[in-house]
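Visitor:
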Amino acid sequence: MKKLLSIVLSAALAMSMALPLSTQSFALGKRFCADRATELANRKANVRVVEGLVVGTLAGLAIGSIVGGSKRSATTGAIIGGVGGTTLGGISANKKWKKEYKKQYLKCRAMTEDDL
Numbered sequence: 002m003k004k005l006l007s008i009v010l011s012a013a014l015a016m017s018m019a020l021p022l023s024t025q026s027f028a029l030g031k032r033f034c035a036d037r038a039t040e041l042a043n044r045k046a047n048v049r050v051v052e053g054l055v056v057g058t059l060a061g062l063a064i065g066s067i068v069g070g071s072k073r074s075a076t077t078g079a080i081i082g083g084v085g086g087t088t089l090g091g092i093s094a095n096k097k098w099k100k101e102y103k104k105q106y107l108k109c110r111a112m113t114e115d116d117l
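Take any residue in the sequence shown, note its place counting from 1, add 1, and you have its number in the numbering used here.
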């Protein structure tokens, strides 16, 4: 009888330890989520900077060629527009980066390893 009771208690203890481990999932770590959010926010922000560069360069090229009427003035306009567009794109990207980082970080922290 003692042996049977010992086997039953051992089995119950093993089941109580194994069951929670098999169904429990843990949130992803803070460092992992910070790195992941940084990477995703950087991708989105880089697109903004490139968009600003392209739009600024094209606008500067158009304005320079219309106002100056020469190849040199068009080139100067493109350079000025490119710098201005990159600057404005960077400012816009910085605001978007912070928002995107926060969104991705919180999303990651809510996920578990099973969600990846």
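Even for Gly, the Cβ is constructed at its ideal location relative to N, Cα and C.
Predicted model, so just to flag it, every value in this text is computed and none were measured.
Taking just the CA atoms, how far does tryptophan 98 sit from asparagine 47?
Guide: Taking the first residue of the sequence shown as 1, we reach residue 47 at position 46. Taking the first residue of the sequence shown as 1, we reach residue 98 at position 97. Each residue's Cα considered, the two are about 9 Å apart.
Visitor: Note down, one range per segment and in chain order, each alpha helix (DSSP H) of at least 4 residues found wholly within the region 27-90.
Guide: Runs found: 31-69.
Visitor: Near arginine 110, which residues of its chain fall below 8 Å by C-beta distance, leaving aside the five closest residues on each side in sequence?
Guide: Residue mapping note: residue 110 aligns to position 109 of the sequence shown, counting from 1. Ala28, Leu29, Lys31 and Cys34.
Visitor: In angstroms, rounded to a whole number, what distance separates the CA positions of serine 71 and glycine 53?
Guide: Against the sequence shown, residue 71 aligns to sequence position 70. Against the sequence shown, residue 53 aligns to sequence position 52. Roughly 24 Å between the two C-alpha positions.
Visitor: For my contact list, glycine 85 and serine 66 are in at a C-beta cut-off of 8 Å; report their separation, rounded to the angstrom.
Guide: Counting from one through the sequence shown, the residue named residue 85 turns up at place 84. Counting from one through the sequence shown, the residue named residue 66 turns up at place 65. Not quite, the Cβ-Cβ distance comes to about 16 Å (not below 8 Å), so this is no contact.
Visitor: Is it buried or exposed, leucine 107, if we count other Cβ atoms within 10 angstroms and call 16 or more buried?
Guide: Within the sequence shown, the letter at position 106 stands for residue 107. Classification for leucine 107: exposed.
Visitor: By a C-beta neighbour count over all protein chains shown, 10 Å radius and 16 as the cutoff for buried, is glutamate 101 buried or exposed?
Guide: Indexing the sequence shown from 1 puts residue 101 at position 100. Buried, by the Cβ-count rule.
Visitor: Mind checking whether glycine 61 and threonine 87 have CB atoms under 8 Å apart?
Guide: By 1-based counting over the sequence shown, the position of residue 61 is 60. By 1-based counting over the sequence shown, the position of residue 87 is 86. No, the pair does not count as a contact, with Cβ atoms beyond the cut-off.
Visitor: In its own chain, which residues sit with a C-beta less than 6 Å from the C-beta of isoleucine 81, not counting the 5 before and 5 after it?
Guide: Here residue 81 corresponds to residue number 80 of the sequence shown, with the count starting at 1. Excluding positions up to five away in sequence, the list reads Gly61.
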